[in-house]
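Right, one structure below, let's go through it.
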Amino acid sequence: FREFTRPEEIIFLRAIMPVYPANHADIIFDITEGNLRDSFDIIKRYMDGMTVGVVRQVRPIVGPFHAILKLEMNYVVGGVVSHRNVVNVHIFVSEYWF
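Given below as structure tokens:
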């Protein structure tokens with residue numbers, strides 16, 4: 001983004017369970033690899049009755065730049081991770097402003 005003034009939301013990870021299920025599982029989102037410059041973060045949000053992890057660009061990035069972010073969505077029940085979803089997201093930033 002040419003004029004970077006605030007964090008920009010770029011990726012949305014939707015959990016497959018409602019916000020308040022009968023067996024309440026806490027969903028923890030994390031960036032585990034690829035965030036070398038600390039240019040991204042992930043926050044938890046509730047949208048339309050679903051739990052959503054929002055990846056944001058929090059620092060300006062000058063291209064050319066390429067990173068592979070490994071994003072995890074952990075389902076925690078009783079303090080133990082019951083299962084985990086992992087996604088690799090490729091980020092490409094051009095050296096040109098379009």
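If you read the sequence shown in the UniProt record's numbering, its first letter stands for residue 1, the second for the next number, and so on.
All residues carry an ideal CB built from backbone N, CA and C; glycine is no exception.
Note that this is a predicted model, so its numbers are computed, not measured.
Straight-line CA distance for residue i to residue j?
i	j	result
Glu-72	Tyr-46	17 Å
Trp-97	Asn-74	36 Å
Val-81	Thr-32	15 Å
Val-87	Arg-59	22 Å
His-83	Val-77	9 Å
Asp-48	Thr-5	28 Å
If I'm right that residue i touches residue j with Cβ under 8 Å, what's the distance once you round it to whole angstroms?
i	j	result
Met-50	Ala-25	The Cβ separation is near 13 Å, so there is no contact.
Ile-61	Ser-94	Wrong, their Cβ atoms sit about 10 Å apart, outside the cutoff.
Gly-53	Phe-29	3 Å
Among the candidates the options, whose CA atom is the shortest distance from the CA of residue i?
i	options	result
Val-55	Leu-36, Val-77, Asn-74, Asp-41	Asp-41
Leu-13	Ile-68, Val-77, Thr-5, Asn-85	Asn-85
Leu-36	Ser-82, Val-87, Ala-67, Gly-78	Ala-67
Gly-34	His-83, Phe-65, Asp-48, Gly-79	Phe-65
Under the DSSP definition of a beta bridge, which residues are partnered with residue i?
i	result
Ala-15	None; Ala-15 has no bridge partner.
Arg-45	Val-52
Tyr-75	Ile-27, His-83
Asn-88	Lys-70
Phe-40	Gln-57
Cβ atoms of residue j and residue i: under 8 Å apart, would you say?
i	j	result
Val-89	Ile-11	yes
Pro-43	Leu-69	Residue identity differs from the one stated: residue 43 is Ile in this sequence, not Pro. Cβ distance not < 8 Å, so Ile-43 and Leu-69 don't count as in contact.
Glu-8	Gln-57	yes
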